[in-house]
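In our numbering, the protein residues as written are 1359 to 1668.
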């Protein structure tokens, strides 16, 4: 199935830039909010936010746009209140996802966006600057058990497409064996619960380096990449850049996008594995910098290479 869909970013893991705010970890935001307004008000705010930022109308609109799938980022904190324990009451928001997705004929990819201990040092992993997932075995064990609980609950849902087991891991080259071991274990334990659905594994360095994943490929395992290049244009880190045009001394155009993504296409052909672009996009500034041309071109590249995307 060729996936063409939408990311529900910022909903089940609050991300500041999506909400026109600061890029700080969710746990820090909640701590500061509770300090100023109290814990009771934080609970009220979170409930109101999650009930209004994304709702059934969004699923209806997404379906009408012609999308066929949703990538749903969530935090381990959404489901796990104590180590190793996922109370059925904690699954309410994901239950709603499957209810609405089924109603509007959309497939769901569940994305663990913030793992216990954090898989990278960035705010979008709910990290305060350290990736403890790779430093403490207990955090990895909690992640395996979380996925077992998630799979056990949703494996028979018609809308389920698969599991994106870890968003944007970042480890040093010396720690690649640890990342591979993590993937081997989570694949084995997920397949012990659910042998039918696709397991997506992401490359190192924010889902960009994938060569080491070839040793992990097997039935129902696919590779996910993220593509935000050229970074200074896509995120508007350097103002007044435009597309097509020169970014960091390199001319970016549709031809350059084809060349940039060619190694992923070659990897997919060589290893007979599907490529899923879990994330891509551009900071929109009124289309004064060629943002829509960039999106049209990169979608053409994805389609030419046969990549799925959200």
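A virtual CB, placed ideally from N, CA and C, is assigned to each residue, including glycine.
Can you say whether residue i is buried or exposed, counting buried as having 16 or more other CB atoms within 10 angstroms of its CB?
{"i": "residue 1608", "result": "exposed"}
{"i": "residue 1395", "result": "exposed"}
{"i": "residue 1438", "result": "buried"}
{"i": "residue 1604", "result": "exposed"}
{"i": "residue 1401", "result": "exposed"}
{"i": "residue 1393", "result": "exposed"}
{"i": "residue 1472", "result": "buried"}
{"i": "residue 1500", "result": "buried"}
{"i": "residue 1377", "result": "exposed"}
{"i": "residue 1528", "result": "buried"}
{"i": "residue 1488", "result": "exposed"}
{"i": "residue 1414", "result": "exposed"}
{"i": "residue 1561", "result": "buried"}
When you compare each of the options to residue i by their alpha carbons, which one comes out closest?
{"i": "residue 1651", "options": "1617, 1612 and 1461", "result": "1612"}
{"i": "residue 1359", "options": "1573, 1376 and 1556", "result": "1556"}
{"i": "residue 1448", "options": "1481, 1435 and 1404", "result": "1435"}
{"i": "residue 1629", "options": "1663, 1572 and 1588", "result": "1572"}
{"i": "residue 1477", "options": "1470, 1469, 1487 and 1491", "result": "1491"}
{"i": "residue 1403", "options": "1414, 1455 and 1389", "result": "1389"}
{"i": "residue 1504", "options": "1523, 1554, 1488 and 1486", "result": "1523"}
{"i": "residue 1484", "options": "1407, 1387 and 1458", "result": "1387"}
{"i": "residue 1548", "options": "1384, 1563, 1508 and 1589", "result": "1508"}
{"i": "residue 1558", "options": "1425, 1479, 1426 and 1469", "result": "1469"}
{"i": "residue 1459", "options": "1480, 1561, 1625 and 1419", "result": "1419"}
{"i": "residue 1577", "options": "1456, 1368 and 1553", "result": "1553"}
{"i": "residue 1424", "options": "1633, 1462 and 1639", "result": "1462"}
{"i": "residue 1454", "options": "1538, 1540, 1542 and 1369", "result": "1369"}
Taking the alpha-carbon positions, what's the residue i to residue j distance?
{"i": "residue 1381", "j": "residue 1422", "result": "31 Å"}
{"i": "residue 1412", "j": "residue 1621", "result": "36 Å"}
{"i": "residue 1525", "j": "residue 1379", "result": "22 Å"}
{"i": "residue 1649", "j": "residue 1659", "result": "15 Å"}
{"i": "residue 1512", "j": "residue 1518", "result": "7 Å"}
{"i": "residue 1502", "j": "residue 1515", "result": "20 Å"}
{"i": "residue 1497", "j": "residue 1646", "result": "45 Å"}
{"i": "residue 1531", "j": "residue 1399", "result": "44 Å"}
{"i": "residue 1579", "j": "residue 1599", "result": "38 Å"}
{"i": "residue 1417", "j": "residue 1535", "result": "39 Å"}
{"i": "residue 1615", "j": "residue 1397", "result": "47 Å"}
{"i": "residue 1644", "j": "residue 1375", "result": "17 Å"}
{"i": "residue 1618", "j": "residue 1595", "result": "20 Å"}
{"i": "residue 1566", "j": "residue 1655", "result": "20 Å"}
{"i": "residue 1407", "j": "residue 1627", "result": "43 Å"}
{"i": "residue 1568", "j": "residue 1668", "result": "18 Å"}
{"i": "residue 1570", "j": "residue 1405", "result": "41 Å"}
{"i": "residue 1590", "j": "residue 1653", "result": "15 Å"}
{"i": "residue 1623", "j": "residue 1391", "result": "45 Å"}
{"i": "residue 1663", "j": "residue 1638", "result": "15 Å"}
{"i": "residue 1457", "j": "residue 1426", "result": "15 Å"}
{"i": "residue 1625", "j": "residue 1541", "result": "19 Å"}
For residue i versus residue j, is the C-beta distance shorter than 7 Å?
{"i": "residue 1520", "j": "residue 1494", "result": "no"}
{"i": "residue 1464", "j": "residue 1666", "result": "no"}
{"i": "residue 1366", "j": "residue 1466", "result": "no"}
{"i": "residue 1364", "j": "residue 1428", "result": "yes"}
{"i": "residue 1506", "j": "residue 1544", "result": "no"}
{"i": "residue 1409", "j": "residue 1371", "result": "no"}
{"i": "residue 1585", "j": "residue 1636", "result": "no"}
{"i": "residue 1588", "j": "residue 1564", "result": "no"}
{"i": "residue 1482", "j": "residue 1384", "result": "no"}
{"i": "residue 1661", "j": "residue 1593", "result": "no"}
{"i": "residue 1575", "j": "residue 1631", "result": "yes"}
Only counting runs of 3 or more residues, tell me where the beta strand (DSSP E) segments fall wholly within the stretch 1613-1654, in order along the chain.
If we require 3 residues or more, the beta strand (DSSP E) runs fully inside the stretch 1613-1654 come out as 1633-1638.
What runs of the beta strand (DSSP E), each 3 residues or longer, lie entirely inside the stretch 1435-1494?
Runs found: 1438-1440 and 1465-1472.
Whole runs of the beta strand (DSSP E) within the stretch 1570-1618, excluding any shorter than 3 residues:
Runs found: 1579-1585, 1603-1605 and 1608-1610.
As an exercise, report each continuous alpha helix (DSSP H) stretch of at least 4 residues that is fully enclosed by the stretch 1504-1553, in chain order.
1534-1551, all fully within the stretch 1504-1553.
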